[in-house]
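Notes follow the structure.
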Amino acid sequence: MGLPLAWAALVLVLTLTPSADMPVVPPWELISFDTAAHAGVFVVLAALVVFSARRQTRWPALRRHAYTVVLLGCVAFGLLIELLQTTMALGRHGEWSDAISDALGAAIGLGLAYATRRWWQ
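Next comes the structure, spelled out in structure tokens:
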């Protein structure tokens with residue numbers, strides 16, 4: 458569980474970095490860079506967590522329901538990040554579109570993990 462926790466900590470640090478310290482990103486045509494970044498980090502987060510949850514043996518119920526638990530956990534984590542961005546004085550602001558991107562990224566990560574499960578289970 459070390460790698461998923463480290464990744465979650467990195468996501469938290471990056472999403473709560475004060476806006477003055479954020480690098481300038483190029484504009485994209487189809488979707489914003491921020492939206493893609495949110496989805497991308499949650500793809501990785503969900504895949505790492507479900508991989509760990511399915512391989513652990515301490516909690517059989519978690520192992521059986523890993524995909525559901527991870528999806529709900531990622532959605533809750535994304536909402537927490539947006540709440541913290543709104544309430545902390547960091548020059549950041551929470552957005553529903555970011556929370557939706559987080560959830561979609563988590564769903565994609567879980568879909569990829571499920572599609573490739575025969576190679577890692």
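In this text, residue positions in the sequence shown follow this note's numbering: the first is 458, and each later residue adds one.
The beta-carbon is built from N, C-alpha and C at its ideal position, and this holds for glycine as well.
Quantities reported herein were computed from a predicted structural model and do not represent experimental measurements.
Residue from Leu567, Val506, Thr492 with nearest C-alpha to Pro461: Translated into positions along the sequence shown, residue 461 becomes position 4. Measuring C-alpha to C-alpha distances from Pro461 to each of Leu567, Val506, Thr492 identifies Val506 as the nearest.
Cβ-Cβ distance between Ala503 and Ala523 below 8 Å: For this step, residue 503 is matched to residue 46 along the sequence shown. For this step, residue 523 is matched to residue 66 along the sequence shown. By the CB criterion at 8 Å, Ala503 and Ala523 fall outside the cutoff.
7 Å CB neighbourhood of Leu561 in its chain, flanking five on each side removed: Within the sequence shown, residue 561 is the residue found at index 104, counting from 1. Beyond the five residues adjoining it in sequence on each side, Leu561 comes within less than 7 Å, by CB distance, of Ala496 in the same chain, given in chain order.
Cα-Cα separation between Thr514 and Trp577, rounded to whole angstroms: Residue numbering aside, residue 514 sits at position 57 when the sequence shown is read from its first letter. Residue numbering aside, residue 577 sits at position 120 when the sequence shown is read from its first letter. Computed Cα separation, rounded: 15 Å.
Ala572 versus Ala564: straight-line alpha-carbon distance, rounded: Numbered from its first residue, the sequence shown carries residue 572 at position 115. Numbered from its first residue, the sequence shown carries residue 564 at position 107. Rounded to whole angstroms, Ala572 and Ala564 show a C-alpha spacing of 12 Å.
Buried versus exposed, by CB contacts within 10 Å (16 or more), Gly459: Translated into positions along the sequence shown, residue 459 becomes position 2. Around the C-beta of Gly459, fewer than 16 other C-beta atoms lie within 10 Å, and the residue is accordingly described as exposed.
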